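Each remark here refers to the structure printed beneath this line.
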Amino acid sequence: MACRATLLLSASPSSLLFWVLGSVLVYLLGSHVRWWLRTTPLGRLTVGRWPVEVGRFLFFLGVPYLALGGWPLPPFHGLLSPEDLGLVGLNARWPVTRWLEAAGTGAGLGSLAALILVLAWTNARRGADPPPLRFPPRPWWALLVDGLCLEAHWAFYRAALALLLGSVYWGVFLGLGLVYLEWGLNPWWRQGWRSNGAVGGQWLRAALALVAALLFLLTHNLWVCLAVHWAVEQLFWPLGRERSRGSRCRAL
Numbered sequence: 268m269a270c271r272a273t274l275l276l277s278a279s280p281s282s283l284l285f286w287v288l289g290s291v292l293v294y295l296l297g298s299h300v301r302w303w304l305r306t307t308p309l310g311r312l313t314v315g316r317w318p319v320e321v322g323r324f325l326f327f328l329g330v331p332y333l334a335l336g337g338w339p340l341p342p343f344h345g346l347l348s349p350e351d352l353g354l355v356g357l358n359a360r361w362p363v364t365r366w367l368e369a370a371g372t373g374a375g376l377g378s379l380a381a382l383i384l385v386l387a388w389t390n391a392r393r394g395a396d397p398p399p400l401r402f403p404p405r406p407w408w409a410l411l412v413d414g415l416c417l418e419a420h421w422a423f424y425r426a427a428l429a430l431l432l433g434s435v436y437w438g439v440f441l442g443l444g445l446v447y448l449e450w451g452l453n454p455w456w457r458q459g460w461r462s463n464g465a466v467g468g469q470w471l472r473a474a475l476a477l478v479a480a481l482l483f484l485l486t487h488n489l490w491v492c493l494a495v496h497w498a499v500e501q502l503f504w505p506l507g508r509e510r511s512r513g514s515r516c517r518a519l
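All you need for our numbering is the position in the sequence shown, starting with 1, plus 267.
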């Protein structure tokens, strides 16, 4: 990756920086426009759940796809390579032994993260009048799609910043910081921390972003990150639903 970073820096760093800043701008613009529309009669009538879900899917997967060399560029001839994002396969660079090592690292770190999160959740639920932490009801396939979208979005920032800076370490953690900055500037995210129906999901998502960053730093494998992400969510969502009957509030 270091060699590729040197080549990219000498070729078109401004182009890659344009994609990163453009992604942040589109994210913030979309969240604020949707927030504004919710206050207007027309917006309440026209902005439903499915247009938002489709828009999120196209944005989170579309930006990495275009950076990889999607239309109008030839496939895989863009500013990033699949391996930069962690989209690896079974080949000479990734033999079975390396896959097993990455899977083992993912299982170990994922189990440790899940244990810490369960302890934190249990501690938060203690007391005579525990806070009403909840998770919005989501089927397993929706959690998988959500995880895929988020992991692709996070991987794009990690890869782009790693190549721009010539350091995977700084790329991973500055990419994580950029994700947290997006959330901090998103009015839906800020409101979610004050909503009983969304705070549990937001707390878990913020933790998973950190877990995914650490896991990618150790494995450089996006598939392992996605598997751990989905597994932890599968563990927590039923736990949250036990304490929240019928909650349907969901944050961006």
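Glycine residues also receive a C-beta, built at the ideal position from the N, C-alpha and C atoms.
Given the structure is predicted, the values throughout are model-derived calculations rather than measurements.
* Asked: What's the call for glutamine 469, buried or exposed, on a 16-neighbour Cβ count within 10 Å?
  -> Position 202 of the sequence shown, counted from the start, is the residue given in the question as residue 469. Buried is the call here.
* To do: Taking the CB atoms as reference points, tell me whether leucine 482 and valine 495 lie closer together than 8 Å.
  => The sequence position of residue 482 within the sequence shown is 215, counting from 1. The sequence position of residue 495 within the sequence shown is 228, counting from 1. Yes, Cβ-Cβ distance for leucine 482 and valine 495 is below 8 Å.
* To do: State buried or exposed for leucine 275, treating a residue as buried only when at least 16 other CB atoms are found within 10 Å of its CB.
  => The count along the sequence shown starts at 1 and reaches residue 275 at position 8. With a pLDDT of only 41 at leucine 275, under 50, the local geometry of the prediction cannot be trusted, and no value is derived from it.
* beta-carbon proline 349 near the ligand ZN non-hydrogen atom, thresh 7 Å -> The ligand ZN is not among the ligands present in this structure, which contains no ligands whatsoever.
* Hey, valine 287 and tyrosine 424: beta-carbon distance below 8 Å or not? -> Here residue 287 refers to the residue found at position 20 when the sequence shown is read from its first residue. Here residue 424 refers to the residue found at position 157 when the sequence shown is read from its first residue. Yes.
* Asked: For glycine 438 versus leucine 445, is the C-beta distance shorter than 8 Å?
  -> As a working note, residue 438 is residue 171 in the sequence shown. As a working note, residue 445 is residue 178 in the sequence shown. For glycine 438 and leucine 445, no; Cβs fall outside 8 Å.
* Measuring CB to CB, does tryptophan 497 end up less than 8 Å from leucine 410? -> Position 230 of the sequence shown, counted from the start, is the residue given in the question as residue 497. Position 143 of the sequence shown, counted from the start, is the residue given in the question as residue 410. For tryptophan 497 and leucine 410, yes; Cβs fall inside 8 Å.
* **Contacting residues, own chain, Cβ-Cβ under 8 Å from leucine 367 (five flanking each side not counted)** => As a working note, residue 367 is residue 100 in the sequence shown. Counting only Cβ-Cβ distances below 8 Å, and skipping sequence neighbours, we find nothing.
* **First and last residue of the uninterrupted alpha helix (DSSP H) at arginine 301** => Taking the sequence shown and counting its residues from 1, the one referred to as residue 301 is at position 34. It spans 280 to 304 - the alpha helix (DSSP H) in which arginine 301 sits, taken as one unbroken run.
* Cβ atoms of leucine 283 and leucine 346: under 8 Å apart, would you say? -> The residue labelled residue 346 in the question sits at position 79 within the sequence shown. The residue labelled residue 283 in the question sits at position 16 within the sequence shown. Cβ atoms of leucine 346 and leucine 283: closer than 8 Å.
* Alpha-carbon spacing of tryptophan 407 relative to tryptophan 460, whole angstroms -> Position 140 of the sequence shown, counting from 1, holds the residue named residue 407. Position 193 of the sequence shown, counting from 1, holds the residue named residue 460. Distance between the alpha carbons of tryptophan 407 and tryptophan 460 is about 24 Å.
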